[in-house]
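Worksheet for the structure shown next.
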Amino acid sequence: MTYQPFNIGSRFRIAPEDSNPSADRIDLIMQRGAFGSGEHQTTSSCLELMESMAELDAARILDLGSGTGILAIAALKLGAKDAVCVDIEERAVETARTNCALNQLEDRVTHITGTLDGVSETGFDVILANIYGDILVSIADPLSKKLRQGGTLLLSGILWEYNFDVRQAYQRQGCEVIKNRILDEFSTVLMKKL
13 MTYQPFNIGS RFRIAPEDSN PSADRIDLIM QRGAFGSGEH QTTSSCLELM
63 ESMAELDAAR ILDLGSGTGI LAIAALKLGA KDAVCVDIEE RAVETARTNC
113 ALNQLEDRVT HITGTLDGVS ETGFDVILAN IYGDILVSIA DPLSKKLRQG
163 GTLLLSGILW EYNFDVRQAY QRQGCEVIKN RILDEFSTVL MKKL
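Mapped onto the numbering used here, the consecutive letters of the sequence shown carry residue numbers 13 to 206.
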């Protein structure tokens, strides 16, 4: 089943594989899957913030809880060098693999089925994590250790009631808040590791 292309923010267009390329937007070609294609406010909030992130240029990306792979794909299309996508759901990993191929990015993405423990690399320039706030709090230490000094964390999927706890957990790891964006029910936090 196909869907109509739709815009997110000022630069992106989410489009099915059979649509004509956009003349003035960055196309994120997404197979319609069970894990969403950018409609959720936490995903669109990340994409809107990523549009103006100069840190993505030539960056090494870790996308934790990657789902469809949409955030990693967007990062690569904004100039990132390569990405590691991690998700606990095997079906999500397969969807992300398919979407990376649809965007001709499969050779720049490593897919891992599992948790953060399965990532051996460190020194990422940018970490994207659109997952539940309580999980973000519980992995604050190991996740921030994967980020290089001066690196950027984009955290989302955080229900309001976890917003303070998430910010505090990462501040304790030496990160500072750059933006704290409150949405309808969720929030998105952009941080830098000092």
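Think of the CB as a built atom: it goes at the ideal place given N, C-alpha and C, for glycine as much as any other residue.
Legend entry - Cutoff 6 Å; reference L140; Cβ partners in own chain excluding five residues on either side: What you label residue 140 is simply residue 128 of the sequence shown in a count that begins at 1. Excluding positions up to five away in sequence, the list reads D75, L83, L166.
Inset, instruction - Could you check what DSSP says for M65 in three-state terms: helix, strand or coil? - result: Taking the sequence shown and counting its residues from 1, the one referred to as residue 65 is at position 53. Reduced to three states, the DSSP call for M65 is coil.
Inset, instruction - Find out if the Cβ-Cβ distance for the pair Q185, K157 is shorter than 9 Å. - result: What you label residue 185 is simply residue 173 of the sequence shown in a count that begins at 1. What you label residue 157 is simply residue 145 of the sequence shown in a count that begins at 1. Going by C-beta atoms, Q185 is nearer than 9 Å to K157.
Legend entry - For K157, three-class secondary structure by DSSP: By one-based count along the sequence shown, residue 157 stands at place 145. In this structure, K157 counts as helix in the three-state DSSP scheme.
Legend entry - Contact under 9 Å by Cβ, R109 with K93: Along the sequence shown, one-based indexing puts residue 109 at 97. Along the sequence shown, one-based indexing puts residue 93 at 81. Going by C-beta atoms, R109 is not nearer than 9 Å to K93.
Inset, instruction - Return the bridge partner residues of C97 from the DSSP annotation. - result: Here residue 97 is taken as the residue at index 85 of the sequence shown, counted from 1. Assignment of beta-bridge partners to C97 by DSSP yields D75, H123.
Legend entry - Per-residue DSSP class, three states only, for G145: Counting from one through the sequence shown, the residue named residue 145 turns up at place 133. G145 falls in the helix class under three-state DSSP.
Inset, instruction - Kindly list the residues whose CB is nearer than 8 Å to the CB of R25, restricted to its own chain and excluding five residues on each side of it in sequence; keep chain order. - result: Residue mapping note: residue 25 aligns to position 13 of the sequence shown, counting from 1. Once the five neighbours on either side are set aside, the close Cβ partners of R25 are P17, F18, N19, S34, R37, I38, D39, L40.
Legend entry - Collapsed DSSP secondary structure at R37 in the structure displayed: As a first step, residue 37 must be located in the sequence shown, where it is residue number 25. In this structure, R37 counts as coil in the three-state DSSP scheme.
Legend entry - Helix, strand or coil at S199 according to DSSP, with G and I counted as helix: Stepping through the sequence shown from its first residue, residue 199 is reached at position 187. Strand.
Inset, instruction - Under 8 Å by Cβ, that's how I've got M42 and N111 pegged, so tell me the actual separation to the nearest angstrom. - result: Looking up residue 42 in the sequence shown gives position 30. Looking up residue 111 in the sequence shown gives position 99. Contact holds; Cβ gap of about 6 Å.
Legend entry - Inter-residue Cα distance where the pair is T122 and E102: Here residue 122 refers to the residue found at position 110 when the sequence shown is read from its first residue. Here residue 102 refers to the residue found at position 90 when the sequence shown is read from its first residue. Cα-Cα distance, rounded: 14 Å.
Legend entry - Reference L159, options I147, G21, L128, closest by Cα: Along the sequence shown, one-based indexing puts residue 159 at 147. Considering only alpha carbons, the answer is L128.
Legend entry - Burial state of D146 (16 or more Cβ within 10 Å): Walking along the sequence shown from the start, residue 146 turns up at place 134. Classification for D146: exposed.
Legend entry - For L59 and L68, the rounded distance between their alpha carbons: To locate residue 68, count along the sequence shown from 1; it is residue 56. To locate residue 59, count along the sequence shown from 1; it is residue 47. Answer to the nearest angstrom: the Cα atoms are 12 Å apart.
Legend entry - N111: first and last residue of the uninterrupted alpha helix (DSSP H) it sits in: The sequence position of residue 111 within the sequence shown is 99, counting from 1. Its alpha helix (DSSP H) spans residues 102-114.
Legend entry - Bounding residues of the beta strand (DSSP E) (the contiguous stretch that carries N32): Residue 32 sits at position 20 when you count from the first residue of the sequence shown. Per DSSP, N32 belongs to no beta strand (DSSP E) and is neither H nor E.
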